[in-house]
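A quick write-up on the structure given underneath.
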Amino acid sequence: MLTMMSDSSISSSRELPADAKRIVAKLVLFPVLLYGIVALANTVFVNLVDWRAHQNPNERLLWDPDLPKTGLVILGDSVFASSYVDSSNQTFSFLLQEWSGKKVFNGALEGADPPDFLNAAELLTSSGMKGATVVLDIMPNRFLEFNQLENPSGNEARRFDRLLGHGAVSSLLAEIRRPLVILDPDILMNCLIRKKFFGVDPYRNRVWDKDGDLAHRRFQVFQQQIAFGSLRSFAWVQELNSLLKRSDDKLVIFVSPVNETLIDTYSSKEYAARCHVEFSRAHQSLLWYLDRQGIPYIDGSNQFEAEDFVDLVHVNVHGQRRIAELIDGYVTEGRPISASAHQYTQ
Amino acid sequence: MFVPAVLAAYQLMPSRWRWAVLLSASIAFYAALRMPLLVVAWTFVVLTSYWLGRRISDESNGFRRRTYLWAGVAAQVVILGSIKYLRAILRLIVPGFEIPTAGMDWFSTLGISYYTLQAVSYLADVYLGTAEPERHFGRFALYLGFFPKLLQGPIERAGDLFPQLRSLGSFNYTNVRSGVLLFCWGLFKKVAVANRLAPFVTAVYYDPHGYSGLSLIAATYMYALQILADFSGYTDMALGVARMFNIRLTENFKSPYFATSIADFWRRWHISFSRWILDYIFKPLQIEWRNAGRVGVVGALMVTFFFSGLWHGVALTFMTWGLLHGVYLASSVLLKPWREAVYRKIGLANHPYRRAFQGIITFQLVAFAWIFFRARSITDGWYIATHLFVGAATRISYATAVRGGVMGAILNGGSARDFAMLGAAMAIWFLGSTFSKTVRLQEQPIWFRWSMYYALILALVYLNAHDDVGFVYFQF
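Taken in order, these protein sequences are the chains called A and B.
If you use this note's numbering, the first sequence corresponds to residues 11 to 356, in order.
If you use this note's numbering, the second sequence corresponds to residues 5 to 480, in order.
Put into structure tokens, the structure is as follows:
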């Protein structure tokens, strides 16, 4: 390879003065020409290819350069990422847009953690989002202790780094690169090798106790990982609220429900009782914290039937509809927020 | 930003002080790794080998010269052994011993194997009179610590590097351009080829018992390619950075998998290391045991390659890998007459296909030895080696075949997209390497050169695996 890279020997020095202008001109022209070629290719690509149709809707925040400037923005983890449906028009965000008449952008990400929510908010606000209502889902069990350590930088830190940059130079580069969707290998590959994002096992519409043992296996993993003890910090919620407030965006928390019937079915009476107590503690503490911080919330607890669930926390098509109803009730009708912390203490 | 900053400082400095820029940058580079013991070890190696090199040169008494040489060699072996096995030694004395890390890695051995070997070669060359001792302490420290080669070689000889360090030239556009290009090519091999192969290899070698014979074969071939792309990628990056400062480091790889014999393989693989073991272990032993004839040569080969394995780590896996290469080479010495007779008998003696046949056989032997190099334990290595042709079609699931096609089925994982991108990266690697042997890029018109540069940049953008996989040879 070495001969390709240069002459066979190290060249003698002292070339600069005579060639200085030529070298500087090349140094300027090289990146400008590259940018021009890529920009041209990008224009052809976005105008000729229906590329958006082939991307993963559950990762839209990470690939769509047209981030929302206002309207209703959804953030969250797999509960809001709407994986367990058979088509995109069964997702709660689709229904919500239909019913409310508002533009809805679903930026939830599978497996997202608090650092990812903060990164997502930073990305949105730095892209010009102002005056939007941001609905974030939080599972109360997020605040329980787990044996498995979370990544302190979040699960999508690398991809957010590419979008946000670390300093002035890389942020500028990220800003320049973002509209050039053709530079994203995933976008291009999704167009070349097309994937189905809904209705493919295990991500399809299903009911937890009527369709295989997925829910049971997941609950067993949950039992292995959960370590009941002190609750984890809520401080990131306030940090997120402050970040959004700076751009006049309003944070609304959707306290997502838990499938309690599943707990009763798959565990002993003692274990189920302990789960209910711990979940109740986390739930009440969260609501108390949100009240104290003045952060509005939609409490999804006690609002769902067992048939709405795929497993302990994820919802199916029925559950998606219920989520859409609850959020729609809040954003269009100003329906009062249900505070149903009592359900765990019964 | 580090290299451009050093390049700017280097250019601004008068030529007689350029060594100081490179030395300061090298020390800063090593210190930035937050591995304090390694900086101490490097300082020790520099001080001892510098002082003893001068003593060897200034001394006329043969016995004392030899004593200084062996004292120098012993000092390097002691520091290498102490740093490499410090944690184990401390835990032997105080069970469960641990130092609070405070952001530091106290027990890293990064780079030490390379510069201690380089120090030994310097002392030996000065002793044998094949190199002049370096009187300039700063330049000597730079010889051992020049940052592009500090962590993973090449292991440079005094006669190759000192003349270049004594006349550090100013900015040279041609060298900077070709250096940047070589760096990018090395980066491509690492991030697009090696890092894309790594997950498949890791999955199989992490739990070989869960895979069929076909998977074990595929993962072993993949590892052979991974380690070449990984190590030669790093070397290209090191050579590219050095070239920006007008320094030419030793080429470490010359298409090793096109070798037609194991001896040929070692002339093409990790060249600076194989030259080292050849010159400082094999040749002295061969001379020492010359009266024993072929047995002496075989003995020298076995000892040399046992050391080669040992240098990679005190583990049965590495020792087995080294000994296997020793056995290969010893067999080729002992069986040479018989082999030629067989070639004559099957009509391949002067046939043009002979080289291809030898190349294929050599690659199989090398790949087989890699099994022990990569395996997590000698038991795993043995299991893989003995199950390559067992249960070839078992454990292949329909689901993995649907997702990843033939390769997905064989490796029990991976999607069609993963394999498409891996295939594209491998094709570019192969075409780029072949192209470079026939076309001198710098002599081509500008539109062609720039098209190649852009193609490489875009290949890096699209095929980058975005996985944080460390360099394989950092562990040594």
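In this text, a Cβ means the ideal position worked out from N, Cα and C, and glycines have one as well.
Counting only Cβ-Cβ distances below 9 Å, B:A420 has contacts in chain A at I203, in chain order.
At a cut-off of 7 Å, the C-beta of A:L44 has a neighbouring C-beta in chain B.
Contact check for B:G133 against B:F187 fails: the beta carbons are separated by 7 Å or more. The stretch 140-149 of chain B makes no contact with the stretch 77-93 of chain B: fewer than 3 CB pairs, one atom from each, lie closer than 8 Å.
Bridge partners of B:K193 according to DSSP: none are assigned. Taking 8 Å as the upper bound for CB-CB distance, A:H293 and A:V323 are not in contact here, some 13 Å apart. Residue environment analysis places B:M226 among the buried positions, since at least 16 neighbouring C-beta atoms fall within 10 angstroms of its C-beta. Rounded to the nearest whole angstrom, the C-alpha separation of B:F376 and B:L37 is 30 Å.
Distances from the alpha-carbon of A:Q303 to those of A:A282, A:I263, A:G310 put A:I263 closest. For B:F269, the CB contacts under 7 Å within the same chain, skipping 5 residues up- and downstream, are P260, A263, T366, V370 in chain order. In this structure, A:L106 sits near A:D338, with a CB-CB distance shorter than 7 Å. In the displayed model, B:K287 falls within a helix according to three-state DSSP. Using a Cβ-Cβ cut-off of 7 Å, A:P195 counts as an interface residue toward chain B, since at least one Cβ of chain B sits closer than that to its own.
Neighbours of B:I461 in chain A, taken as residues whose beta carbon is under 8 Å from its own, are L44 in chain order. With respect to chain A, the C-beta atom of B:V465 has a partner C-beta closer than 7 Å. The Cβ-Cβ distance between B:I221 and B:L16 does not fall below 7 Å.
Pairing A:L272 with A:Q313, the inter-Cα distance amounts to about 16 Å. Under the three-state reduction of DSSP, A:L82 is assigned to strand. Between B:Y238 and the set B:R380, B:V208, B:H274, the nearest pair of CA atoms involves B:H274. Contact annotation, B:G330 with B:L305: C-beta distance approximately 5 Å; criterion of less than 8 Å satisfied. A straight line joining the alpha-carbon of A:N57 with that of B:Y215 spans about 46 Å. For A:I33, the nearest beta carbon of chain B is closer than 7 Å to its own beta carbon.
B:W433 is the residue among B:W433, B:A9, B:G363 whose C-alpha sits nearest the C-alpha of B:A198. Linking B:Y210 to A:W61 through their CA atoms gives a straight-line distance of about 38 Å.
The criterion of a C-beta distance shorter than 7 Å is not satisfied by A:L300 and A:F127.
Remark: C-beta atoms of B:N256 and B:P341 do not approach each other more closely than 7 Å. CA-CA distance, B:E136 to A:D194, rounds to 54 Å.
Bounds of the alpha helix (DSSP H) holding B:D268 are 266-272. Inter-segment contact for the stretch 99-119 of chain A and the stretch 224-240 of chain A is absent: fewer than three beta-carbon pairs are separated by less than 8 Å.
Around the beta carbon of A:P124, 16 or more other beta carbons sit within 10 angstroms, so the residue counts as buried.
In the structure shown, A:T143 falls within a strand segment according to DSSP collapsed to helix, strand and coil.
Looking only at B:N179, B:H213, B:M323, the smallest Cα-Cα distance to B:L253 is reached by B:N179.
When the alpha-carbon of B:P212 is set against those of B:M430, B:A35, B:R378, the nearest one is in B:R378. Within chain A, no C-beta atom comes nearer than 7 Å to that of B:A429; the closest sits roughly 11 Å away.
DSSP places B:L314 inside the alpha helix (DSSP H), whose first and last residues are 298-316. Looking at the backbone, the Cα of B:S171 and that of B:M39 are separated by about 31 Å.
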